[in-house]
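The block underneath contains the structure these notes are about, expressed in structure tokens.
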Amino acid sequence: KAGVTQTPRYLIKTRGQQVTLSCSPISGHRSVSWYQQTPGQGLQFLFEYFSETQRNKGNFPGRFSGRQFSNSRSEMNVSTLELGDSALYLCASSLDANTEAFFGQGTRLTVV
Amino acid sequence: GNSVTQMEGPVTLSEEAFLTINCTYTATGYPSLFWYVQYPGEGLQLLLKATKADDKGSNKGFEATYRKETTSFHLEKGSVQVSDSAVYFCALQQIQGAQKLVFGQGTRLTINP
């Protein structure tokens with residue numbers, strides 16, 4: 092069965108631009124969560140969606156947003172990009188909250 | 263708030279050595295505990311987990327025991343291989359009904375032949 096797919100794998104954007112990252116969960120998984128990984132802050136939770144509803148949110152500014160579609164695919168958007176947004180963004184899917192989370196390979200975003 | 267503290271890396275060992283990576287946590291109640299591994303250029307893979315006190319998670323020769331009295335979940339392996347070289351993350355899941363993991367800072371492990 093196919094794993095979690097994140098697109099694109101690599102992205103270079105300019106400060107002030109916006110970006111949209113995509114995550115296709117494992118078939119049948121209804122929970123999708125997003126994490127930001129940086130050398131300085133490590134892995135930090137961004138938000139989680141379940142059945143198209145945001146169920147939990149981390150401590151990030153409003154420039155970070157997301158959504159989930161009826162087929163459970165999810166997107167996250169970052170507006171007005173800053174240099175500090177450069178990171179590996181990881182998506183994870185699971186059947187539900189208390190089941191194993193499977194991670195994608197991530198999207199590496201570089202802001203210049 | 264909830265937090266996870268791992269021993270600082272990097273850790274360098276010779277093949278067949280014994281491995282311990284320490285992990286302690288701060289949380290209220292009874293979180294679930296996890297170890298994830300990240301190979302270069304990859305996402306995270308679940309290595310093992312434990313959901314209640316005294317549970318032992320194990321996989322691929324790795325083990326960790328959920329110790330509530332010491333709030334610890336140390337990762338051990340009796341004989342490491344070069345292929346075990348990776349970054350290891352300890353994590354907890356606190357909120358029931360929500361998929362939210364709190365990670366430690368990660369420990370980079372290098373195994374030399």
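Residue numbers (my numbering), protein chains in the order written: chain E, 92 to 203; chain Y, 263 to 375.
Positions of the beta carbon are idealized from the N, C-alpha and C atoms, including for glycine.
Quick one: does residue 118/E have its CB under 8 Å from some CB of chain Y?
False, the Cβ-Cβ gap to chain Y never drops below 8 Å.
Need the endpoints of the beta strand (DSSP E) that residue 312/Y sits in, please.
Under the DSSP assignment, residue 312/Y falls in the beta strand (DSSP E) whose first and last residues are 306-312.
Along the beta strand (DSSP E) that carries residue 269/Y, what are the first and last residues, could you check?
Per DSSP, residue 269/Y belongs to no beta strand (DSSP E) and is neither H nor E.
How many angstroms separate the CA atom of residue 201/E from the CA atom of residue 292/Y?
About 38 Å.
State the CB to CB distance for the pair residue 279/Y and residue 297/Y, rounded to an integer number of angstroms; the pair is presumed to be in contact (CB under 8 Å).
Distance from residue 279/Y to residue 297/Y at the Cβ level is roughly 18 Å; contact not present, criterion being Cβ atoms closer than 8 Å.
heavy atom of the ligand PLP below 7 Å from residue 174/E C-beta
Absent from the structure shown: the ligand PLP. Ligands present: none.
If I follow the unbroken beta strand (DSSP E) through residue 247/E, where does it start and stop?
Any answer about residue 247/E is impossible in this case: the structure gives chain E only from 92 up to 203.
For residue 198/E, count neighbouring Cβ atoms within 10 angstroms of its own Cβ and tell me buried if that reaches 16, exposed if not.
Burial state of residue 198/E is buried, judged by a 10 Å Cβ sphere holding 16 or more other Cβ atoms.
Distance check for residue 322/Y and residue 135/E, CA to CA, integer angstroms please.
Here the alpha carbon of residue 135/E sits roughly 27 Å from the alpha carbon of residue 322/Y.
Taking buried to mean at least 16 other C-beta atoms within 10 Å of its own C-beta, is residue 342/Y buried or exposed?
Residue 342/Y comes out buried.
With DSSP as the reference, label residue 186/E as helix, strand or coil.
Coil, per DSSP.
Please report how far the alpha carbon of residue 137/E lies from the alpha carbon of residue 193/E, in whole angstroms.
For residue 137/E and residue 193/E, the distance between alpha carbons rounds to 16 Å.
Which residues does DSSP pair with residue 166/E in a beta bridge?
DSSP, once it has assigned bridges, lists 113/E, 158/E as partnering residue 166/E.
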